[in-house]
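A.B. asks: If you read the sequences in order, they're chains H and P. So that you can map any letter, position 21 of the first sequence is 21 in the numbering used here, and since no number is skipped, the others follow by simple counting. So that you can map any letter, position 224 of the second sequence is 224 in the numbering used here, and since no number is skipped, the others follow by simple counting.
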Amino acid sequence: MENECFVPAEPTACIDERQFSIMTTGKNKSRIHCADDSLAGAVSQRACVYSGARVVLNPVTDAVHLVHGPIGCAAYTWDIRGSLSSGPEMFRQSFSTDLKERDVVFGGEKKLVACIDEVVEKYHPPAIFVYATCVVGLIGDDIVAVCKEASERHGIDVIPVESSGFISGNKIVGYRAAGEALLKLIRPEEGETVEKTRKLNFLGEYNLGGEKWLVERYLAEMGVEINVAFTGDSTVAALKKAPGACLNLVQCSGSMHWVAMSLEKEYGIPYIDVNFFGAENTAESLRKIARFYGDEEIVRRTEALIEREMERVRPVIAKYRAKLAGKRAAIYVGGAFKALAIIRQLQELGMEVMFTGTQTGKPEDYEQIGNIVSEGTVVIDDANPAEIEKFLLEKNVDMMAGGVKERFLAHKLGVGFVDHNHDRKDGLAGFDGAIRFASEVYATTCSPVWERVKKNPFEEAEG
Amino acid sequence: MLDCTPKEPLQKDAHTIGKINPIKTCQPVGAMYAALGIHGCLPHSHGSQGCCSYHRMALSRHFHEPAMASTSSFTEGASVFGGAANLKTAIKNVFAIYNPEIIAVHTTCLSETIGDDIPTIIKQSEVPEGRYVIHANTPSYHGSHITGFSNMCKGIVSYLAESNGSEKKERANIFPGFVNPGDMREIKRIVTEMGVPSIMYPDTTGVMDSPMRDTYEMYPRGGATIEDIKDSGNSKMTLSLGAWSSDEAAATLQSKCGVPGVPLRIPIGVKATDDLIMAVKEGFGVDVPESLEVERGQVVDTLIDVHYQYEGKKVAVFGDPDIMVPLAEFLITMGMIPKYVVTGTPGNKFEKTVNGMLEEAGIEESRVRAEGDLFDLHQWIKEEPVDLLIGNTHGKYIARAEDIPLVRVGFPVFDRAVHPLMPIVGYKGCLRLIEMISNVLLERRDRDSLDEDYELIL
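Put into structure tokens, the structure is as follows:
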């Protein structure tokens, strides 16, 4: 089959056991190994189950996110998601039960109860998410029971998120734990129903750099309204209305497919996959949505919007393409969904994708990636810095798109960098995002600083 | 509104359980930072992979450098049967693939709760000839990142430092505390300027402030060499900077190799810098060079010239204890009022030390707290406001909610650059602190003044 064409890419420079996690698109028939656990001793870029759950839920703006564990788990995730809110800022505060030695010995349940009570008394939040961390899973605190009792005592949703970090798997297991927590939150009380509307839910949209607001503007122009996003700029009350939507858009495939399927099963809401990274992807997605509504007026408005926006984007992309054509790019991001979108955008800019990988891709994702990159591209699962370094140098890469752990490695190797992760500060979605992305790629790839790196007078003098 | 204080006013000190907006993080990140101060070292996190990822991310965001470290990648199996197999495999893999000179293992809450016996596991591991594996116990549910830094420093001494029993060398060991590489560079410069050879460890200069080169080095050229660390047992004395981060390591070196430790503060401010210089002068019988006298004179001259810009202003400071103590002292020297001084690291010694300084200066009605959080601090500021906030990036919420200028000092600073390269220690550091503090106050004055009060010369 076309899409299984991978051969191991010179595994000798890397850990032997990892040879099947690195493939070069070519002629062989072996499949990439992914979703394996990271090796002991690896400098893995992967995060944990708790981290996966936290990034999905944290953008619920008016909930308290209470981390049941030692202080670090809360400290490292404090407002690092980069999600923006149009109202409440509760999600940007950091709450921890700050477990101590005696709690680990005697159990942390009492402290958790006390912390929940304190938070309710101080802030009266509409919901509290209680996250289990490694040590809590190990000492066996029954957070489900504690949450249930607290829920009854305070008359608000206190929802356990079962995200002990050591559970085998990776962030994906955490996405699932978060998904379960969300479904629990939105399930109507017995006898209650949520009124059906013509609005849609936007799953896997976290409003980084205001991206949800951007897409919301496009949809409004088409005559379509967002019910609620999972979970960017959402509130507890808005999420509870999720069952009333007529359609779910699924954006981040890693985190939200399971939720979409569950919503279809439980509430009969169909879903479609969308992708707002890149102008072409955006246009395609908007058309898909318009088709779903099957309303001529919506279709007309959508086409008008796309035509106008494409006309705006095209010359800008062409301008950057002239500067960037033939430059070499690398991608290392969390999910395959994003990798695919970035590959398309870089190709539109005339760049060659030399190397691409993800932390959490599935076999079918890697097949899709294999289909759209050119022969000789290195495809890699759960890359470690040594591998990233090797391929950035070998493939003579000019620019890399990734997250904070890759940024400074790339810089040290003389490679430009665009953050396509939590640390991006400006929206990269939609037509506006496509322009922004192109300008960011251009700015870093063609920065004047590389001239000063290349022309070092001291070295020339040495000789 | 980025305000973490509740709408209804609180009873005083009603916040006692858990933490809201912490001023500390867990031990392992401190241990990782200390380990990066050994040349050719790969820190190793013995726990699940998320921890390692978080610590690397936190260090990268603060220092703007790659932070390399490996992990035992715990799963359920390791959590049930113990992590010995993971650690042995990890040690084998790390030496085979990443080829460090030394691996510095730190534990996590997971491996500590399971009860892995690290020294025994290390003994049973395959360590290539001439390479080292050292460790520190850093359970995340005890102390803070500063405790973790201190524990790794102690681990480095216990495993590596040796005394050959002969006469001590005319040389100082310097334990710098949890500070930026820019600070470490400045401390070394001062001691060198006095003509005294020194060995600093941990030493993250050239590691976490490494220059752009033609090639990437997984183990940058900086860091204390193992050879030097071993030989530190033969030095004449140890300058132990920071009671929380360095004293335990210095005490260990004193009892292990008979190198007397001189407990000092991290040299932030005129007095703490004077103390460091006097300790070197007395310890080695050297003269203070003219160049340092000039530097000190410039600082005092500047303080005289511009004191009216900040004198009498109330300040809230928060961060790590070894930085807070000398910083509060310098603020007092500057004529400012350290109204609130908070650290997240536990230990009563902090309150005692800072309260003592305040009392001596005749400053009343200040509040000092160890193991506090930014909820406490924000609550206090609501009750009685301050003119200036000094602390890490997390202070920016309070700064915005209360419209108070923020001077970024400490760890972590995630929203500014260049700070890891620029010292706040020594006399140069005094000038930088004076500049940062007076600049934000003057900018505030400019911003708030009406056209008719807007002045060219300040």
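Ideal Cβ positions, reconstructed from N, Cα and C, are used throughout, including at glycine.
Give a yes or no on whether 9 Å exceeds the smallest Cβ distance from H/D98 to chain P.
C.D. replies: Closer than 9 Å to the CB of H/D98 there is at least one CB belonging to chain P.
A.B. asks: At which residues does the beta strand (DSSP E) containing H/K100 begin and terminate?
C.D. replies: Here H/K100 belongs to no beta strand (DSSP E), and DSSP marks it neither H nor E.
A.B. asks: Any beta-carbon of chain P closer than 9 Å to the one on H/L39?
C.D. replies: yes
A.B. asks: Using a 10 Å radius around the Cβ and a threshold of 16 neighbouring Cβ atoms, would you call P/T432 buried or exposed?
C.D. replies: Here the sequence assigns Arg to residue 432 of chain P, which means Thr is not the residue at that position. By the C-beta density criterion, P/R432 is buried, having at least 16 other C-beta atoms within 10 angstroms.
A.B. asks: In chain P, which residues lie less than 8 Å from H/P243 when you measure between Cβ atoms?
C.D. replies: Ordered by position in chain P, no residue passes the 8 Å Cβ test against H/P243, which lies about 31 Å from the chain.
A.B. asks: Less than 8 Å between C-beta atoms, sequence neighbours within five positions excluded: which residues of the same chain meet that for P/R416?
C.D. replies: Non-local C-beta neighbours of P/R416 in its own chain, meaning closer than 8 Å and more than five positions away in sequence, comprise T393, R408, ordered along the chain.
A.B. asks: If you measure from the beta carbon of H/F91 to each beta carbon in chain P, is any gap under 9 Å?
C.D. replies: no
A.B. asks: Nearest by alpha-carbon distance to P/I114: which of H/V105, H/A260, H/F337 is it?
C.D. replies: H/V105
A.B. asks: Measuring only the C-alpha atoms, how far is P/S45 from P/I102?
C.D. replies: Rounded to the nearest whole angstrom, the CA to CA distance from P/S45 to P/I102 is 14 Å.
A.B. asks: What do you get for P/I174, buried or exposed, if any count of 16 or more other CB atoms within 10 angstroms of its CB means buried?
C.D. replies: When all chains shown are included, P/I174 counts as buried.
A.B. asks: Under a Cβ-count criterion, where at least 16 other Cβ atoms within 10 Å of its own Cβ denotes burial, should P/E443 be classed as buried or exposed?
C.D. replies: exposed
A.B. asks: What residues in its chain sit with their C-beta under 7 Å from that of H/P146, if we drop five residues either side in the sequence?
C.D. replies: The sequence shown places Val at residue 146 of chain H, rather than the Pro named in the question. So the qualifying residues of the chain are E109, L112, V113.
A.B. asks: What would DSSP say about H/N227, mapped onto helix, strand or coil?
C.D. replies: strand
A.B. asks: Compare the beta carbon distance of P/V342 and P/L331 with 9 Å and say whether it is the shorter of the two.
C.D. replies: Not a contact, by the Cβ cut-off of 9 Å.
A.B. asks: Is the CB-CB distance between H/N421 and H/V397 below 9 Å?
C.D. replies: no
A.B. asks: Helix, strand or coil for H/A132? Go by DSSP, reduced to three states.
C.D. replies: strand
A.B. asks: Can you tell me where the alpha helix (DSSP H) with P/L450 in it begins and where it stops?
C.D. replies: That residue, P/L450, is in no alpha helix (DSSP H); it is neither H nor E in DSSP.
A.B. asks: H/D273 to H/F337, Cα distance in whole Å?
C.D. replies: 10 Å
A.B. asks: If you draw a straight line from the alpha carbon of H/E297 to that of H/G268, how long is it in whole angstroms?
C.D. replies: About 26 Å.
A.B. asks: So which of P/N439, P/L389, P/S255, P/E170 has the shortest CA-CA distance to P/H307?
C.D. replies: Of P/N439, P/L389, P/S255, P/E170, the residue nearest in Cα terms is P/N439.
A.B. asks: Using 10 angstroms around the beta-carbon of H/E309, count the other beta-carbons present and answer buried if the total reaches 16, otherwise exposed.
C.D. replies: Burial call: buried.
A.B. asks: Within the chosen definition, does the region 25–39 of chain P reach the region 134–141 of chain P through at least 3 CB pairs nearer than 8 Å?
C.D. replies: Yes: the two stretches touch, three or more of their Cβ pairs being nearer than 8 Å.
A.B. asks: Using C-beta distances below 8 Å, list every residue in its chain close to P/R61, excluding the 5 sequence neighbours before and after it, in chain order.
C.D. replies: P412, F414
A.B. asks: Going by Cα to Cα distance, which pick from H/T61, H/V313, H/R102 is closest to H/R81?
C.D. replies: H/T61
A.B. asks: Out of curiosity, what's the CA-to-CA distance linking P/K459 and H/V119?
C.D. replies: Summary: the structure shown does not reach residue 459 of chain P, with chain P confined to residues 1 through 458, and so no result is reported for it.
A.B. asks: With H, G and I counted as helix, E and B as strand and the rest as coil, what does DSSP make of H/D273?
C.D. replies: strand
A.B. asks: Please identify, using Cβ separations under 8 Å, the residues of the region 194–211 of chain P that lie next to chain H, in order along the chain.
C.D. replies: S210
A.B. asks: Please determine if the region 31–50 of chain P and the region 146–159 of chain P are in contact, where contact requires at least 3 C-beta pairs separated by less than 8 Å.
C.D. replies: yes
A.B. asks: Can you name the residues of chain P whose CB is closer than 7 Å to the CB of H/C115?
C.D. replies: I17, G18
A.B. asks: Can a CB atom of chain H be found closer than 9 Å to the CB of P/I91?
C.D. replies: yes
A.B. asks: Comparing the C-beta of H/S94 with each C-beta of chain P, is any distance below 9 Å?
C.D. replies: yes
A.B. asks: Can you find a C-beta in chain P that's less than 9 Å from the C-beta of H/H257?
C.D. replies: Cβ-Cβ to chain P under 9 Å: no for H/H257.
A.B. asks: Ordered along the chain, which non-local residues of its own chain (more than five positions away) have a Cβ less than 6 Å from that of H/K184?
C.D. replies: Its chain contains I159 as the residues whose beta carbon lies nearer than 6 Å to that of H/K184, once the 5 sequence neighbours on both sides are disregarded; these appear in chain order.
A.B. asks: Between H/Y473 and chain P, is the shortest Cβ-Cβ distance under 9 Å, so that the two count as touching?
C.D. replies: Since the first and last residues shown for chain H are 1 and 463, residue 473 of chain H lies out of range.
A.B. asks: Measuring alpha carbon to alpha carbon, tell me which of P/I437, P/M218, P/F284 ends up nearest P/P100.
C.D. replies: Looking at the Cα atoms, P/M218 is the closest of the given residues.
A.B. asks: Is H/K27 helix, strand or coil when you go by DSSP?
C.D. replies: Note on H/K27: pLDDT 41, under 50, position unreliable in the model; the coordinate value appears next. It is coil, neither helix nor strand.
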